[in-house]
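Quick note, the sequences are listed as chains A, B and C, same order. Quick note, in this note's numbering, the first sequence goes up one by one and the last residue is 325. Quick note, in this note's numbering, the second sequence goes up one by one and the last residue is 283. Quick note, in this note's numbering, the third sequence goes up one by one and the last residue is 299. The C-beta atom is built at its ideal place from N, Cα and C for all residues, glycine as well. Nothing here was measured: the structure is a model prediction, and the numbers come from that model. Worksheet for the structure shown next.
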Amino acid sequence: MSTHDATANTARRPFSGRRVRLGDLLLQAVAGLAALGAVVLLGLVAYKLVEGSRLSVSTFGFGFLTRSVWDPVHNHFGAASFLFGTAVTSVGALLLATPLALGIALFLTELAPRWIRGPVTALVETLAAIPSVVIGLWGIIVLGPVLRDHVMPALHSALGFIPLFGRPTTGSSIFTAIIVLTIMILPIVSSVSRELFLGVPSELKEAALGLGTTRWEMVRGVVFPYARGGVAAAMILGLGRAVGEAIAVAQVIGAFDNGFGWNLFNPGDTLAAKIALDYQGATTNFEVSSLFYLALILLVFSLVVNILAQVIVRRVARRQGLAAR
Amino acid sequence: MSVSSTIQPAVRVETKRQPLPPRERLEQVFDIQDLSAIYGSKPALKGVSMEVYKNLVTAVIGPSGCGKSTFIRCLNRMNDLVPGFHQTGTIRYHGQDVAGKDVDPVAVRRTIGMVFQRPNPFPKSIFDNVAWGLKVLGMKDNLHERVEKALTQAALFDEVKDRLKASGLSLSGGQQQRLCIARAIAVEPDVVLMDEPASALDPIATQAIEQLLHELKSEYSFVIVTHNMQQAARVADMTAFFSISRGEEGHRWGELIEYDATEKIFTAPSDKRTEDYVTGRFG
Amino acid sequence: MSAADLSALRRPNDRLRRRRIVNRGMELLAWLAGAVAVAILAIVVWSVAKRGASELNFDLLTKAPVPFAIGNVKQGLANAFAGSLVIVGLATAMALPVGILVASYVNEFAPRPIRTGVGLTLDVLNGIPAIVVGIFVFGLLVVGHGQSGLAGSFSLAVLMLPLVARATIEVLALVPSSLREASLGLGVPRWRTTLGIVLPQAIGGILTGAVLAVARVAGETAPLLFTSSLVGNSISWSPSHALQSVPVAIFELSESPDPADHARAWAAALVLLVFILVASLSARWLATRNRRKLGRAVR
């Protein structure tokens with residue numbers, strides 16, 4: 001009846017073999033080790049920064065954050081002016097980039113003819129691919145002089161009564177840095193916003209248009225509120241990017257004297273740029289440790305930004321999931 | 001014993017089939033005792049006891065949700081892949097409990113093969129689809145002959161012999177499923193489990209698969225889940241009817257209602273529920 | 001319907017006209033935004049292309065810089081190009097296998113809580129600014145040992161790891177579970193299924209992720225400032241001491257007051273930009289090809 005003998009086969013291949021295969025164990029162990037390594041790496045980063053900054057932290061404590069001084073000779077260090085510079089440049093860039101990015105996102109999702117959408121999206125993403133050092137180079141040599149010779153004097157004469165737009169001095173200034181940062185964070189804010197706008201269910205949009213609203217009214221009434229949380233996340237991500245940018249800012253923000261000037265057209269300094277610029281000149285342990293302290297502040301900030309953005313994204317995703325039901 | 005001496009089944013049973021010898025004389029492949037299965041906290045099967053016999057086609061029929069797929073996947077430990085799955089009872093395969101703690105599921109699956117509902121050939125060439133398993137499982141000798149034999153047994157060789165290097169995905173649905181059958185039988189299993197193998201195929205392809213079952217059961221034992229009673233009537237020697245039982249808190253689970261020769265299930269079932277199902281009164 | 005309603009349909013009233021104007025205005029602004037974005041890109045790329053091309057020559061790519069050169073000597077940046085090749089190459093060799101392994105663990109083996117934990121770790125790592133990574137590796141590898149190309153590679157690898165791992169996780173998730181079931185159903189053990197069926201199916205997406213990661217770190221300056229920037233002028237291929245790299249060279253040249261240095265910076269920027277754009281475009285092309293191939297497999 002049967003041409004192959006099942007009984008003989010079972011005798012040849014009993015079921016009770018090695019319950020746990022060596023190959024499985026090995027692969028899982030090696031892969032698990034790699035995953036563990038990633039987590040350890042993160043911890044290591046935090047640890048090294050804490051360790052490196054210990055000298056400075058123990059000496060200056062939280063006063064580091066409130067004092068504005070950088071004196072390697074007498075070993076007095078304080079980050080306040082850098083914090084100020086970081087705040088001004090990043091917030092400024094965010095203020096400029098957000099409406100522009102939202103406009104781009106709107107353009108790409110609602111208004112542009114279909115054949116344009118793909119290429120322009122690719123172009124915006126290419127903007128993100130340009131290394132910061134190249135943008136900084138462009139900023140020093142091309143943008144700086146243009147701003148110094150044309151834009152800044154124009155702004156000063158028109159709006160000079162606002163202390164922000166004081167007398168322009170040099171091409172390398174906070175203002176230049178703000179423009180450069182705007183260019184750099186534009187892609188990330190616009191691409192996240194674009195994804196959000198694409199996620200708005202078309203039934204909602206059709207409902208609004210069906211009532212007889214114009215396209216803009218539909219966007220204002222349906223798309224923006226729906227995407228509101230996500231746009232906040234996009235802005236936070238852009239802010240994080242701006243705060244962390246060291247190189248391009250270092251190139252265009254100019255040499256600096258401590259102080260809290262409000263004049264955007266003066267040179268300035270930020271946390272990240274200071275670390276980049278001061279590194280090669282740092283000699284004493286105190287100074288190096290203070291640089292670590294600056295980096296620690298940056299790390300904490302980037303962690304907060306990251307977690308905040310994740311929380312918002314998760315909440316938005318949950319809400320969208322509920323809405324879809 | 002019978003509710004009625006003969007009934008009008010909803011399907012036509014092929015009576016030209018040879019009658020089976022009495023069960024005591026049939027060689028057992030599986031001896032399943034009191035099998036129960038749970039996904040997390042939801043019961044799926046309760047108290048299934050039956051035997052599967054060698055070189056026969058055994059069909060598992062029943063309405064959707066009665067645990068047919070769960071049952072068949074217990075037989076080759078495929079449910080191990082589902083988190084939260086838990087089973088009790090024994091499944092003796094030639095005396096050894098398939099679900100035992102010291103039993104290696106990988107070894108089980110070599111002997112008890114499976115063909116799935118949707119054809120899932122590897123993204124490799126037709127030849128490699130069959131050869132890969134052979135190579136990995138250490139059956140590299142006479143590779144070409146083995147591949148050719150498997151493809152021939154699956155009634156696919158003539159159609160693909162000139163394009164063995166072509167991608168397995170370039171075949172039609174029915175051909176892909178036959179490729180999966182070839183892949184499964186190439187590694188010389190003892191039993192082949194089939195989870196609704198033709199449900200994704202058109203009638204012509206389905207007929208080809210059913211023809212294969214007739215031809216191959218002299219070499220392998222088949223357990224086939226099907227929601228199509230007609231198919232069970234056409235191909236199966238033994239038929240097991242599962243149905244849904246309800247309990248407190250709205251729990252539902254599957255139970256084996258009746259298991260007998262196909263002809264008996266469809267013409268003179270012992271249980272009223274079986275009769276209701278096969279006469280099309282429900283499900 | 002009353003006569004008043006119907007007439008309102010026929011005669012556009014002031015309110016509707018105003019709304020239409022606002023709508024038009026907003027549409028124009030959006031168009032403007034799109035144009036600005038494209039314009040910025042065009043301006044920057046055009047600047048680099050124009051200024052870089054005029055200075056780009058064979059010597060730049062092949063000769064090492066000559067210190068204290070007087071007069072019209074064609075300086076080279078070959079040490080930077082060589083160094084970048086070595087550093088980025090080593091970084092890829094470090095990050096790619098580890099990234100694939102991490103992704104395999106997360107997707108194929110890890111229980112749910114570990115999966116979210118490692119995923120979170122990768123996202124956080126991704127968000128750490130490059131300069132912080134630089135100072136981290138400085139504290140880890142440079143303090144006490146001095147700078148080296150290897151330390152530079154490690155810092156770039158830290159930046160690449162989350163990118164490669166994330167991309168691989170996404171591709172692995174796309175591999176249909178029916179393929180895994182088919183292999184396991186044959187009696188093939190888990191590890192062979194992963195290595196022989198799952199990973200090969202995902203290889204296209206993995207490569208795309210790798211190329212994108214390379215494009216991203218090829219232009220990174222900040223980490224290399226701390227780990228591989230105190231360099232001499234000779235062309236060197238050995239990562240055991242600090243190597244010059246293209247981004248650091250551009251950075252230093254851009255800070256110099258000498259216009260000849262600026263010219264060289266533009267040329268180097270052009271080479272860097274072309275490399276990155278080619279890499280990004282090939283990654284995009286690879287991605288579309290993969291989507292098509294996967295689309296066929298998942299019938």
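The beta strand (DSSP E) spanning residue i covers which residue range?
i: B:Gln-33; result: 28-39
i: B:Gln-87; result: 85-93
i: A:Phe-77; result: 76-79
i: A:Ile-178; result: Careful: A:Ile-178 lies outside any beta strand (DSSP E), inside the alpha helix (DSSP H) at 174-198.
i: B:Ala-59; result: 57-61
i: A:Asp-71; result: 68-71
For residue i, name the three-state secondary structure that DSSP assigns.
i: A:Gly-221; result: helix
i: B:Phe-157; result: helix
i: B:Gln-96; result: strand
i: B:Ala-44; result: strand
i: B:Gly-113; result: strand
i: A:Val-243; result: helix
i: B:Glu-51; result: strand
i: B:Ser-172; result: coil
i: C:Leu-6; result: Any reading at C:Leu-6 must be qualified, since the residue scores a pLDDT of 49, below 50, and its modelled position is unreliable; the value itself is stated next. Here C:Leu-6 sits in helix by DSSP.
i: B:Met-78; result: helix
i: B:Arg-163; result: coil
i: B:Ser-125; result: strand
i: A:Ser-2; result: Caution is warranted here: a pLDDT of 40 is assigned to A:Ser-2, below 50, making its placement in the model unreliable, and no coordinate value can be reported.
May I ask which residues mark the beginning and end of the alpha helix (DSSP H) holding residue i?
i: C:Gly-185; result: 177-185
i: C:Ser-254; result: 246-255
i: B:Met-194; result: Element bounds for B:Met-194: not the alpha helix (DSSP H) but the beta strand (DSSP E), 191-195.
i: A:Ile-140; result: Counting along the chain, A:Ile-140 falls outside any alpha helix (DSSP H), and DSSP gives it neither H nor E.
i: A:Glu-206; result: 202-210
i: A:Ser-53; result: 22-60
i: A:Thr-214; result: Element bounds for A:Thr-214: n/a, residue is neither H nor E.
i: C:Asn-79; result: 78-104
i: B:Met-139; result: Element bounds for B:Met-139: n/a, residue is neither H nor E.
i: A:Ser-157; result: 152-159
i: C:Pro-200; result: 199-218
i: A:Thr-109; result: Looking at the DSSP string, A:Thr-109 is not in any alpha helix (DSSP H), and its letter there is neither H nor E.
Which chain E residues sit within Cβ distance under 7 Å of residue i?
i: A:Leu-211; result: The question asks about chain E, but that chain is absent: this structure's protein chains are A, B and C.
Residues in the same chain with beta-carbon distance under 7 Å from residue i, minus the five sequence neighbours each way, listed in chain order, please.
i: A:Ala-101; result: Leu-186, Val-189, Ser-190 and Ser-193
i: B:Val-192; result: Gly-113, Val-115, Ala-184, Ile-185, Tyr-220 and Phe-222
i: B:Gly-84; result: Tyr-39 and Gly-40
i: A:Ser-132; result: Met-184, Glu-245, Ile-247 and Ala-248
i: B:Glu-196; result: Gln-117, Val-225, Thr-226 and His-227
i: A:Thr-109; result: Arg-194, Phe-197 and Leu-198
Within the same chain, show all residues whose beta-carbon is closer than 8 Å to that of residue i, passing over the 5 residues directly before and after it, in chain order.
i: C:Val-142; result: Ser-148, Ala-151, Phe-226 and Thr-227
i: B:Pro-123; result: Ser-167, Gly-168 and Leu-169
i: C:Leu-230; result: Gln-147 and Ala-242
i: A:Arg-315; result: Gly-229
i: B:Ser-36; result: Pro-43, Leu-45, Lys-46, Gly-47, Val-48, Gln-87, Thr-88 and Gly-89
Leaving aside the five residues before and after residue i along the sequence, list all residues of the same chain whose C-beta is less than 6 Å from its C-beta, in chain order.
i: A:Ala-177; result: Thr-89, Val-249, Val-252 and Ile-253
i: A:Val-231; result: Ser-193
i: B:Val-235; result: Val-57, Glu-210 and Leu-213
With 7 Å as the limit, tell me which residues of the region 174-193 of chain C have their beta carbon closer than that to any beta carbon of chain B; keep them in chain order.
Hits within the stretch, in order: Ser-178, Leu-179, Glu-181, Ala-182, Leu-184, Gly-185, Leu-186, Gly-187, Val-188, Pro-189 and Arg-192.
Along the region 12-29 of chain C, where does the CB come closer than 7 Å to a CB of chain A? Name the residues.
Cβ proximity to chain A below 7 Å picks out Arg-19, Arg-20, Val-22, Asn-23, Met-26, Glu-27 and Leu-29 from the region 12-29 of chain C.
Which of the residues in the region 39-53 of chain C, read from start to end, lie with their CB under 9 Å from any CB of chain A?
So the close ones are Ile-40, Leu-41, Ala-42, Ile-43, Val-44, Val-45, Ser-47, Val-48 and Arg-51.
For a minimum of 4 consecutive residues, which ranges assigned as the alpha helix (DSSP H) are wholly contained in the region 248-294 of chain A?
Qualifying alpha helix (DSSP H) stretches, in chain order: 271-278.
Note down, one range per segment and in chain order, each alpha helix (DSSP H) of at least 4 residues found wholly within the region 200-282 of chain B.
If you keep only unbroken alpha helix (DSSP H) runs of at least 4 residues inside the region 200-282 of chain B, you get 203-216, 229-235, 262-267 and 272-278.
Contact list for the region 90-117 of chain C against chain A, Cβ threshold 9 Å:
So the close ones are Pro-97, Val-98, Gly-99, Ile-100, Leu-101, Val-102, Ala-103, Ser-104, Tyr-105, Val-106, Glu-108, Phe-109, Ala-110, Ile-114 and Gly-117.
Name, going along the chain, the residues of the region 136-152 of chain C whose beta-carbon falls closer than 9 Å to a beta-carbon of chain A.
Result list: Phe-136, Val-137, Phe-138, Gly-139, Leu-140 and Val-143.
Near-chain B residues of the region 193-213 of chain C - C-beta to any C-beta below 7 Å
For the region 193-213 of chain C, which is checked against every Cβ of chain B, the residues closer than 7 Å are Gly-196, Ile-197 and Gln-201.
Residues in the region 215-239 of chain C having any Cβ partner in chain A nearer than 8 Å:
Answer in chain order: Ala-215, Arg-216, Ala-218, Gly-219, Glu-220, Thr-221, Ala-222, Leu-225, Phe-226, Ser-229 and Leu-230.
Between the region 47-79 of chain B and chain C, which residues of the former have CB atoms less than 8 Å from a CB of the latter, in chain order?
Taking 8 Å as the Cβ-Cβ cut-off against chain C, the residues of the region 47-79 of chain B that qualify are Asn-76 and Met-78.
Using Cβ-Cβ distances below 9 Å, what residues of the region 64-81 of chain A are close to chain C?
The region 64-81 of chain A vs chain C, Cβ under 9 Å: nothing.
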